[in-house]
Amino acid sequence: MSASPRPAEERDALLGVRPRLAAEPASPEEAAEAMSAFARDKLAVAFVGGGTDLGLGAPPARLDAVLHTRGMARVKEHAPSDQIVAVEAGITLAALQRHLAPHRQRLSIDPPFPERATVGGIVAASAFGPLRTRYGSARDLVIGITLVRADGVVARGGGKVVKNVAGFDLPRLLCGSLGTLGLVAEVVFRLHPLPETSATLRFGGLAAQDVAETPPVLRDLGVEPAALAAVEEGGAFTLAARFEGFAPGVAEQVARTLARAGSGERLAGSEEAAFWARHDALRSAGDVRAKATFAPGTLVRAVEALRPLAGALRGGALVLHPALGIAFVAGWLDGADPAAAAIESARAALGPLGNGALVLAAAPPALRARVDAWGAAPPAIEVMRRLKREMDPEARLAPGRFVGGI
Amino acid sequence: MNDVARRLAEVVGAGNVVTDPAELLVYEADGLTHGRTRPALVVLPGSTAEVVEVVRIAREAGIPIVPRGAGTGLSGGARPVPGCAVVSLARMRRILEVDLASGWVRVEPGVINLDVTKAVSGAGFYYAPDPSSQPVCSIGGNVAENSGGAHCLKYGFTTNHVLAATVVLSDGSVVHLGGPAADAPGYDLLAALVGSEGMVGIVTEVTLKLLRKPEVTRTFFATFPSTDEAGAAVSGIIAAGILPAAIEMMDRLAIEAAKAATGLDWPDVGAALLMDADGPKAEVEHVSARAIEITRAAGALEIRVPRDEAERQLMWKGRKSAFAAVGRISPSYLVEDGVIPRSEIARVLREIERMAKEAGLRVANVFHAGDGNLHPLVLYDARNPGEEERAEKLGGEILRLCIRSGGSITGEHGVGAEKARYMAEQFGPDDLETMARVRCAFDGIALMNPGKVFPTPRLCGERAGPYRPHPAEVAGLAERW
Chain A
1 MSASPRPAEE RDALLGVRPR LAAEPASPEE AAEAMSAFAR DKLAVAFVGG
51 GTDLGLGAPP ARLDAVLHTR GMARVKEHAP SDQIVAVEAG ITLAALQRHL
101 APHRQRLSID PPFPERATVG GIVAASAFGP LRTRYGSARD LVIGITLVRA
151 DGVVARGGGK VVKNVAGFDL PRLLCGSLGT LGLVAEVVFR LHPLPETSAT
201 LRFGGLAAQD VAETPPVLRD LGVEPAALAA VEEGGAFTLA ARFEGFAPGV
251 AEQVARTLAR AGSGERLAGS EEAAFWARHD ALRSAGDVRA KATFAPGTLV
301 RAVEALRPLA GALRGGALVL HPALGIAFVA GWLDGADPAA AAIESARAAL
351 GPLGNGALVL AAAPPALRAR VDAWGAAPPA IEVMRRLKRE MDPEARLAPG
401 RFVGGI
Chain B
407 MNDVARRLAE VVGAGNVVTD PAELLVYEAD GLTHGRTRPA LVVLPGSTAE
457 VVEVVRIARE AGIPIVPRGA GTGLSGGARP VPGCAVVSLA RMRRILEVDL
507 ASGWVRVEPG VINLDVTKAV SGAGFYYAPD PSSQPVCSIG GNVAENSGGA
557 HCLKYGFTTN HVLAATVVLS DGSVVHLGGP AADAPGYDLL AALVGSEGMV
607 GIVTEVTLKL LRKPEVTRTF FATFPSTDEA GAAVSGIIAA GILPAAIEMM
657 DRLAIEAAKA ATGLDWPDVG AALLMDADGP KAEVEHVSAR AIEITRAAGA
707 LEIRVPRDEA ERQLMWKGRK SAFAAVGRIS PSYLVEDGVI PRSEIARVLR
757 EIERMAKEAG LRVANVFHAG DGNLHPLVLY DARNPGEEER AEKLGGEILR
807 LCIRSGGSIT GEHGVGAEKA RYMAEQFGPD DLETMARVRC AFDGIALMNP
857 GKVFPTPRLC GERAGPYRPH PAEVAGLAER W
C-alpha cells in the first residue's frame with residue numbers, strides 16, 4: 001500500500017527535528033489511512049507541503065512522523081461559471097494558477113515561492129502576498145475544507161458555494177492553525193477573474209510617514225489599488241501601488257494617482273514584474289524573518305518599533321504593507337543577543353498599537369533559544385488550549401509548534 | 407425561578423428583568439414567528455460585567471441561556487427553549503470608539519447595523535454588510551448569524567468585517583478575540599465565533615472594519631420575459647470578469663408584491679434584475695456599460711438607469727421591501743434561504759416552480775443572484791386546512807433541492823431552530839461531530855443557546871470518564887449521541 005510510511009531521512013526534518021517515519025499519501029483517502037495508523041501507534045505527526053513556511057512558529061516538541069502532502073495534488077472540481085475550485089492540499093499555487101489561467105481566472109493569493117507553496121500550506125500558514133490589500137487572505141477566499149483529524153476521521157466544513165452559513169466555520173478556523181488542529185486535505189476556494197490589465201506605480205525616496213499617509217490619501221482620491229507595498233532601499237522607502245481591472249479604469253486610476261502624487265512613475269513591462277519579484281525576495285531574504293502586525297493607522301510608530309531589529313540584523317530590511325498594518329523584517333543573524341533584545345522591545349512597543357504582535361517566520365536555533373517564536377500567549381489562550389484538546393486530545397499534531405506551547 | 411429573578415434583578419435592576427407572562431410574549435419568537443416557546447424570564451444586562459453576573463447566576467441555577475439581539479432573525483436562532491433565560495442585549499447599544507485612521511469602530515452588540523454607518527458616513531466611511539433588515543437588526547445578531555446582504559457578493563459577510571470581539575463564556579470568563587491589528591497570533595477564534603448562532607457565548611463588544619464609501623455607484627434595473635433570460639444575463643456578466651457590488655433578481659410574483667407595497671411603476675414581467683457596480687469612476691462606467699450590453703444581449707425587455715440617487719434608492723427600496731411586500735399578495739408566507747451554484751439558477755427556479763405547482767402553492771423568488779443565494783417565499787393561507795403544512799413541506803423540499811444541487815440550506819439566515827433537522831442531510835455525522843467539538847471548546851456545558859444548529863444535541867467531553875447526567879439532560883433539553 002502506497003500509504004505505508006517509509007523511514008524518514010534528513011530532508012524530512014522539521015526545524016531540525018527529525019522524525020522516524022515519513023508518509024507520502026497520493027490522495028486524501030490515503031492520508032486518512034496514514035493518520036489512522038499514526039493514531040493507533042500514538043505517533044506525533046506534522047504535515048509538510050512545499051516547505052516554504054516551515055520556519056513559522058516553534059519546532060515541534062515531539063515528532064515521530066511527517067506526512068507530505070505533495071502527492072495529493074489533483075484539481076477535484078473547477079466550475080468556471082461558479083468561480084470556485086476544489087483542490088487537494090498538495091497542489092502548488094503555480095500549478096493551480098496554470099490550471100485556472102485558460103479560463104481567465106485565478107486564486108487571488110500571491111505569497112512568495114508559488115512554484116513550491118502548496119494550497120494546503122498556504123491555508124495552514126495563512127500565507128499571503130501583496131494582493132491581500134484588495135482580496136484579503138486565505139480566510140477570505142476559502143469556502144470549504146476537508147480535514148483529517150488526529151484520530152483519522154475525515155470531516156468537512158463549508159461547501160462549494162461562496163455564500164454559506166450552515167454549521168460552524170471549520171474552513172476559516174483551520175486557516176493559520178499550522179497543522180495543529182488537523183490535516184488540511186482538500187480546499188475549496190472562491191476565484192476571481194484575471195484582470196484585463198494591471199499597472200504598477202513606483203514612488204521612491206519616501207519616509208515612513210509618507211508610506212503611512214498613502215492608504216488614506218488613495219482612499220480620499222477614490223482609487224482602489226489591488227496591492228500596496230513599500231520596500232526599504234538605502235535608508236528610504238520605495239512604495240508601489242498596483243492597479244488591476246479593465247483598461248479604462250486602470251488608466252484613469254493611474255493618471256489620477258500620478259497627478260495627485262506629483263511624482264512617481266509607471267513601471268513598464270518587465271519592470272513591473274521585477275519590482276514585485278524584488279519585493280518577494282526582500283521579504284524572504286535572510287535567516288531571520290519576522291512578521292509584525294499593528295493597527296494600520298499606527299504605521300509610523302510600528303516602523304520605529306522595528307528599526308532596532310532591522311539594525312540588529314546583517315542586511316536587515318523592512319517591507320511594509322501599509323493598508324494592512326503588516327510589516328516584515330528580514331535579514332541575517334548577527335549576534336543572537338542583540339536580535340533577541342530587539343525582538344522583545346519591538347513586541348513591547350507593538351502591543352499597544354491595536355493589539356499588535358511580532359511572530360517569527362524564520363530564525364536560527366540560537367535566536368529561537370532566546371525568544372519565543374510567537375511572543376506572549378494571547379488573551380484567549382485557554383479557549384485555544386481547549387480547542388486543541390477537543391480536536392487533538394492526545395496532543396499528537398505538531399505538539400509545541402503553535403502559540404503558548406500548543 | 408423567583409429566586410433567580412430576584413438575584414438577576416440585584417445585578418441589572420428590577421426594571422430589566424421580565425417575568426410577567428404578558429411581557430414575555432414578545433420574546434417567545436424571533437423574526438420566525440410560527441415557532442414559539444415562552445422563556446422562564448428575560449434579562450437585559452447593561453454591561454459586560456452585568457453579563458458575567460447573569461451568566462454565573464444562570465449557570466448556578468442550571469438555566470440555559472438564549473442570547474437575543476433585535477430578534478429579527480429568520481431561522482429561530484433566538485427562539486427560547488423551555489425554562490430558559492433570554493439574555494437580551496438591547497440595552498447595550500453604545501458606539502464606544504471610532505478610529506478612522508485605522509478604519510474601525512468598536513460597538514456594543516445592541517447597536518443597530520445601519521447606525522454604525524450613520525455614525526461614520528459624515529467622514530465618508532460605511533459598514534459594508536447590509537442585510538435587508540439593516541435598519542432594525544443589531545450587530546450582535548449579525549455576528550451570531552454571520553449576516554450577509556445584497557452587497558456581500560463583492561464585500562463579503564460579517565465574518566470578513568469583524569476585527570475583534572469581547573465574549574462572555576458559559577463559565578463566566580471574559581475573553582478578548584482579535585484586535586485592530588491583523589493576524590492576531592493563535593487560532594482564528596473569531597472565525598468560530600462569527601456564525602456560531604449564539605452557541606459559544608455572549609458577545610458584549612465588537613470591533614468592526616469600516617470601508618471608505620466607493621467613489622461612484624452605478625445602478626440599473628432590467629426586466630425580462632422570464633427568469634431564464636435573467637439568469638443568462640447574470641451568468642454573462644460574471645463570465646465577462648465583472649464583479650458587481652450587488653446583483654439581485656426578482657421573479658413575477660415578487661415584482662408584483664414589491665409594486666403593491668411601494669407603488670413603483672415596474673412593469674408586469676417574468677423577471678427583473680437590479681445591479682450595482684461601485685468603485686473608481688472610470689472603472690464603474692466601463693463595467694456598467696458592459697453589463698448593460700450583456701443584459702440586453704441576454705434578452706432584456708427594458709433597461710432603466712435611475713436619474714438620480716433618489717430614484718436609485720427607490721429601486722433598492724422595492725428590492726429590500728420584497729419580503730414584507732409579499733404580505734400584500736398572500737395572507738401568510740414562509741421565507742426560505744438556500745444557496746445553489748450560480749450556474750444552476752435557471753434550472754433550480756424551474757424546478758421550484760414545478761414543485762410549487764405540484765403542491766398547489768405559489769412561490770415568489772427574490773434573491774441574491776450573484777452568489778446563488780435564493781430566498782423562495784412560499785405563499786399560503788393558514789385558514790385553508792392543511793395548507794400551512796403543505797407550505798412547510800414544500801419549503802423543506804426546496805432546501806433539499808439546494809443540497810442536491812451542490813449548495814447549502816442557508817446563505818445568511820442561519821440554521822437556528824428551524825433548519826437543524828436538515829443539517830444531517832447537508833453534512834455527515836463526522837462533520838457535525840467535529841463542529842460540535844469547536845462549540846465544546848467555548849461552552850463545555852451547552853449552556854448557551856442549546857438545541858440550535860445541530861440536529862442531535864450533543865454534550866461535550868463524553869469521550870472519556872464516567873457517565874454523569876448533565877442538568878440539561880435531566881431537564882430533557884439535550885441527549886447524548
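Protein chains in written order, with this note's numbering: chain A, 1 to 406; chain B, 407 to 887. The beta carbon of each residue, even a glycine, is placed where N, CA and C say it ideally should be. The model shown is predicted, which means the values in this text are computed figures rather than measured ones.
- Unbroken alpha helix (DSSP H) stretches of 4 residues or longer found wholly inside the region 561 to 635 of chain B: 595 to 599, given in chain order.
- Note on the region 159 to 199 of chain A: whole alpha helix (DSSP H) runs with a minimum of 4 residues are 170 to 174, in chain order.
- Assignment of Ser736/B by DSSP, reduced to helix, strand and coil, places it in the coil class.
- The beta carbon of Met829/B falls within 8 Å of a beta carbon belonging to chain A, placing the residue at that interface.
- Under the three-state reduction of DSSP, Val403/A is assigned to helix.
- Counting every other CB atom within 10 Å of its CB across the protein chains shown gives Gln832/B a total of 16 or more, marking it as buried.
- Distance between Arg18/A and Arg307/A, taken at the CA atoms: about 35 Å.
- Counting only the Cα atoms, Val383/A lies some 10 Å from His582/B.
- Put simply, the CB of Ile698/B is far from chain A, with every gap to its CB atoms at 8 Å or more.
- Residue burial annotation: Ser508/B is buried, with at least 16 other C-beta atoms found within 10 angstroms of its C-beta.
- Interface flag for Thr623/B against chain A is unset, since no Cβ pair is found closer than 8 Å.
- Apart from the 5 residues on each side of it in sequence, Gly204/A sits with its Cβ closer than 6 Å to the Cβ of Thr238 in its chain, given in chain order.
- In the DSSP assignment, Trp332/A is bridged to Arg314/A.
- When Glu708/B, Met655/B, Arg734/B are compared, the shortest CA-CA separation from Arg748/B is found for Met655/B.
- Contact between the region 420 to 431 of chain B and the region 471 to 484 of chain B is absent: fewer than three C-beta pairs spanning the two stretches fall below 8 Å.
- Under a criterion of Cβ atoms nearer than 8 Å, no residue of chain B is adjacent to Val303/A; the nearest Cβ is some 14 Å distant.
- Taken in chain order, the members of the region 154 to 185 of chain A whose beta-carbon sits within less than 7 Å of a beta-carbon on chain B are Val154, Ala155, Arg156, Gly157, Gly159, Lys160, Val161, Val162, Lys163, Asn164, Val165, Ala166, Gly167, Phe168, Asp169, Leu170, Arg172, Leu173, Cys175, Gly176, Ser177.
- Taking 8 Å as the cut-off, the Cβ atoms of Gly555/B and Pro586/B do not count as close.
- Contact between the region 682 to 689 of chain B and the region 663 to 674 of chain B is absent: fewer than three C-beta pairs spanning the two stretches fall below 8 Å.
- Within the region 60 to 113 of chain A, complete beta strand (DSSP E) segments of at least 3 residues are found at 65 to 68, 75 to 79, 84 to 88, given in chain order.
- Per the C-alpha coordinates, the member of Leu267/A, Gly152/A, Arg368/A positioned closest to Thr200/A is Leu267/A.
- Against chain A, the beta carbon of Leu583/B has neighbours under 9 Å at Pro378, Pro379, Ala380, Val383, listed in chain order.
- Counting along the chain, Thr862/B sits inside no beta strand (DSSP E), nor does DSSP assign it H or E at all.
- Ile809/B and Asp743/B have their C-alpha atoms some 12 Å from each other.
- For Glu654/B, DSSP records a beta bridge to Leu680/B, His774/B.
- In this structure, the beta-carbon distance from Lys726/B to Ser538/B falls below 8 Å.
- Scanning its chain for C-beta atoms nearer than 6 Å, with the 5 sequence neighbours on each side dropped, one finds around Gly724/B the residues Ala664, Thr668, Leu670, in chain order.
- The region 173 to 182 of chain A makes contact with the region 593 to 606 of chain B; the number of CB pairs closer than 8 Å reaches 3 or more.
- Around the C-beta of Arg70/A, 16 or more other C-beta atoms lie within 10 Å, and the residue is accordingly described as buried.
- For the set Val250/A, Gly311/A, Ala65/A, the Cα lying nearest the Cα of Gly222/A is the one of Val250/A.
- Nearest in C-alpha terms to Ala26/A, of all of Ser4/A, Ala229/A, Asp220/A, Asn355/A, is Ser4/A.
- For Phe848/B, the three-state secondary structure derived from DSSP is helix.
- Under the criterion of beta carbons closer than 8 Å, Val675/B and Pro712/B do not qualify as touching, at roughly 18 Å.
- Of the residues assessed, Pro193/A falls on the buried side of the cut-off, its CB having 16 or more other CB atoms within 10 angstroms.
- Taking C-alpha positions only, Leu397/A is separated from Met35/A by approximately 10 Å.
- Rounded to whole angstroms, the gap between the alpha carbons of His774/B and Gly813/B is 14 Å.
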